[in-house]
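A.B. asks: Quick note on numbering: this note's numbering labels position 51 of the sequence shown as 52, and the sequence is numbered without any gaps.
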Amino acid sequence: MTYDEFDWMEEALAQIESIYPRCSTEVQRELADRFRHLQDVSDGWLDAWLLLQERFRDVIEKYPELAGQNDTSTAFFPPAVQPDNKEVGEAGPDLQSDESLKFWVDERAMQQFRIGQGYYNLWMFSDAMSQFLQVVDDEPDFVLARLYLALTYFQQEQWERAETEFQLVLETAPHPEFLRFCHHMLGCLFVRQKKDVKAVRHFSRALEMDVENSDTLFNLGACHYRLGSVQFAIPCFEQAIALNGDDWESMVYLAHCYTALGDHDQGTHWRKQAYEMSRKPWIISEIADSYERQQQLDEALKWNLYCVTNHPEWAEGYHGVAWNIWKKDRHPLAVVWLKKALTLKRDDANILFSYWWIIHHVGTPEEKARVNRHVSSVMHQSPLWSLAHGNVYRVSGDFEQARKTLTPLLTAEEVRVQGAAHYQLAHLCMAEQKWKEAVDHFHKARECDGLLHETLLFEGICHYLTGDREASKNCLRLYQQQQSNDGR
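#1: Rounded to whole angstroms, what's the CA-CA distance from A342 to N325? Just pull it up for me.
#2: Just checking my contact of Y465 with A446 at CB under 8 Å: how many whole Å lie between their CB atoms?
#3: With distances taken from CA atoms, which of G246, Y292, S355, F219 is nearest A335?
#4: May I have a chain-ordered list of the alpha helix (DSSP H) segments no shorter than 4 residues that lie completely inside the segment 278–320?
#5: Could you give the distance in angstroms between the alpha-carbon of E177 and the alpha-carbon of D142?
#6: Within 10 Å of its beta-carbon, does N392 have 16 or more other beta-carbons around it, so buried, or fewer, so exposed?
#7: Please classify C24: does DSSP put it in a helix, a strand, or coil?
#8: Taking the runs of the alpha helix (DSSP H) that are 4 residues or longer, which of them lie wholly in the segment 193–219?
#9: Got a sec? Which residues, its chain only, sit under 6 Å from Q274 by beta carbon, not counting five neighbours each side?
#10: Along the alpha helix (DSSP H) that carries R162, what are the first and last residues, could you check?
#11: Just confirm the distance between the C-beta atoms of D450 and G420, as a whole number of angstroms; I'd bet it's less than 8 Å.
#12: Could you give the DSSP three-state label for Y259: helix, strand or coil?
#13: Identify which residue in H185, A33, R193 has its Cα closest to the Cα of R202.
#14: Should R331 and V363 be called a contact, given that it needs their Cβ atoms to be closer than 9 Å?
#15: Unbroken alpha helix (DSSP H) runs of length 4 or more, entirely within the segment 322–406: which are they?
#16: Suppose you measure from the CA of E287 to the CA of W327; what does that come to, to the nearest Å?
#17: Quick one: give me the first and last residue of the alpha helix (DSSP H) that F143 is part of.
#18: Looking only at its own chain, which residues have a Cβ that is under 6 Å from the Cβ of Q132, when we skip the five neighbours before and after it?
#19: Is the distance from the Cβ of S387 to the Cβ of L411 below 9 Å?
#20: Grab me the residues of Y292's own chain with a C-beta within less than 7 Å of its C-beta, minus the 5 sequence neighbours each way, in chain order.
#21: Are the Cβ atoms of V192 and C237 separated by less than 9 Å?
#22: Rounded to a whole number of angstroms, what is the C-alpha to C-alpha distance between H312 and R280?
#23: Measure the Cβ-Cβ separation of W283 and E250 and say whether it is below 9 Å.
#24: Tell me where the alpha helix (DSSP H) around Q419 begins and ends.
#25: Taking the straight line between their C-alpha atoms, what separation do you get for E91 and N220?
#26: Does the Cβ of L190 have 16 or more other Cβ atoms within 10 Å, making it buried, or fewer, making it exposed?
#27: From I359 to T269, what distance separates their C-alpha atoms?
#28: Beta-carbon within less than 7 Å of L353's beta-carbon, same chain only, minus the 5 sequence neighbours each way: which residues are those?
#29: In terms of residues, what are the limits of the alpha helix (DSSP H) holding T456?
#30: Quick one, are the C-beta atoms of G39 and I20 less than 9 Å apart?
#31: On a CA-only basis, which of R30, Q29, F36 is nearest A13? Give me that one, please.
#32: With a Cβ-Cβ cutoff of 9 Å, do T217 and L208 count as a contact?
#33: Count the other CB atoms within 10 Å of the CB of C476; is the residue buried (16 or more) or exposed (fewer)?
#34: Alpha carbon to alpha carbon, how far is F400 from E438?
The following block contains the structure:
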C-alpha cells in the first residue's frame, strides 16, 4: 500500500462526492457500485494493515530491543472524538513532552495499549475495548489507557461506563490537563444524553482550567442556547469567535441568539459573516427565512434568488423563491419554481407540502387528485401532512377529526411543529367558544415559536370575550409593540 494508492483512493472518492448530487438516477447507481468497490479495496488494505500489526507484535515479543523505549505512557493522545461534530468535539491536550506523566509500565501492557490505540484510530472500537480493558486490569494506574477506555465507551454510547471511567481519571490523573479534558468529555457525554444542565457544569469546570479553549466555549454556549439562557450563550460564542475568527458555527449560533432576542439586524449580520466563512447555502436560506418571517418578502425573494444563482444544486433555494412568489401575490409561476426544486429533491417533505398546498389552491380537479395521491403516498407519516389535514378538517367544521389529527403533534420532535399544532388547536377552541382553552393554546404556541406574534392579538380577543379587559389590553399592547419593532 503506497502513498500513490492513497492519492488514487482520495481522488476517486472526491470525484464521487462532487458528481453524485447532480447526476441522473442511472449514473448514481453506477457511482454507488464504484463506491462499494472502493470500500472493498479499503477493507482489504485494512485487513492487511492489521495482519502487519500482528507481525510487528510477534517480532517485538521475540526481540523487545527492536521497539526502542516503550516504557512510558507518553503515547499519542486520542484523536478527535467526533470528527466534523464540533458540538461534542474533543478539545484534546498535548501531553507528549510532560515528564511528570512518565512511569514504568509492563512492556506487554504497553504493546497491548498501542495495539488498542491502533484499533481506536481506525474506529474499530470493540477490538480496541478488549485491549484497553486488559491493559487497565494489568496496570490500573496507567491513566492514559483508562482515558482511552473511557473514550471507547463514549464512542459506543455506553454512557454509564464512560462516565465511570472519566470520573476515575479525574480522581487519579497526575496532570491538570487530564482533568480539563475529562471535564470537557463529561460535558460532551451529558450533551449526548440531552442533559444540558449537567453538561454546563462540566464545561464550566473545563474553562476554569483553560479560559481560551474555543471548542469548550462553543459547547458551553450551545448548552446555554438549548436551555433558553441566550444571555449566557452570547458571551461564549463571542469569545470563541475572538479566539478563532473563522468559527462560522459560532457565528450561526450567535445569529440564532440575537434572533431569539428580537434583534434581527444582528441575526442577519452574523449569518452573513458565517456564510462568507463557510459558503454553506443553507445559511442563505436562513437569511431569506428570517426576512420572510418579518414579512419582508422582497428581501426574502432577493436572497433566495441569490442562493439559486450561486448554488444551483440547492433545492431549498428554488423552494424559497416559489414560496416567496406565492405569498406575495399568489402567482402561478410559483409552481414552475417548485417543479425545479422537485427535480433536485423529489421526495422532500417540505417541498412536496408546498407543492400540494399551491396546487390545492390553483390546480384543476384532476391536478389536485393526482398531486394528492402522490403526496399522500410519500408524506403520510409527515407532521406537515398531519398539520395540513388538521387545518382542512378544522376549516370544514369537522372539529372532532381535527382535534384527533392535531393533538399527537403537540409532542412532535420539532418544536415549531408543536407551535403550529397549538396554534391550530387554539383557533379550533375559538370556533367552539372555549375561550380559556384557546388562550392556553395560543400561549403555548408562542412559547414554541417566538415569532408567532399574532397569537397575542387572538389571545387578547379571547380575554376580552371572557370579560378580562385588563389582560386583553395587555395582550393588544404587546402585539402593537411587537408590530412596531418588526416594522423597523
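All residues carry an ideal CB built from backbone N, CA and C; glycine is no exception.
As the structure is a computational prediction, the values presented were derived from the model and not from experiment.
C.D. replies: In short:
#1: 14 Å
#2: Incorrect: roughly 19 Å between the Cβ atoms, too far for contact.
#3: S355
#4: If only complete runs of 4 or more residues are kept, the segment 278–320 shows the alpha helix (DSSP H) at 282–294, 298–311, in order along the chain.
#5: Inspection of the sequence shows that residue 177 is occupied by Pro rather than by Glu. Going from the Cα of P177 to the Cα of D142 covers about 16 Å.
#6: Buried is the call here.
#7: coil
#8: DSSP runs (the alpha helix (DSSP H)) wholly in the segment 193–219: 197–210.
#9: M252
#10: 160–173
#11: That belief holds up - the Cβ atoms of D450 and G420 are roughly 4 Å apart, short of 8 Å.
#12: helix
#13: H185
#14: yes
#15: 334–345, 350–363, 366–380, 384–397
#16: 18 Å
#17: From DSSP, F143 is part of no alpha helix (DSSP H); its letter is neither H nor E.
#18: Q113, I116, G117
#19: It is not a contact, given that the beta carbons lie outside the stated cut-off.
#20: E300, A301, W304
#21: Annotated as distal: V192 and C237, with beta-carbon spacing of 9 Å or more.
#22: 9 Å
#23: no
#24: Where Q419 is concerned, the enclosing alpha helix (DSSP H) stretches over 416–432.
#25: Low confidence applies to E91: its pLDDT is 45, below 50, so where it sits in the model is not reliable enough to give any reading.
#26: buried
#27: 29 Å
#28: V376, V379, M380
#29: 455–466
#30: According to the sequence as given, residue 39 is Leu; it is not Gly. No. Outside cutoff.
#31: Selected option, being the one with the closest Cα: F36.
#32: It is a contact, given that the beta carbons lie within the stated cut-off.
#33: buried
#34: 15 Å
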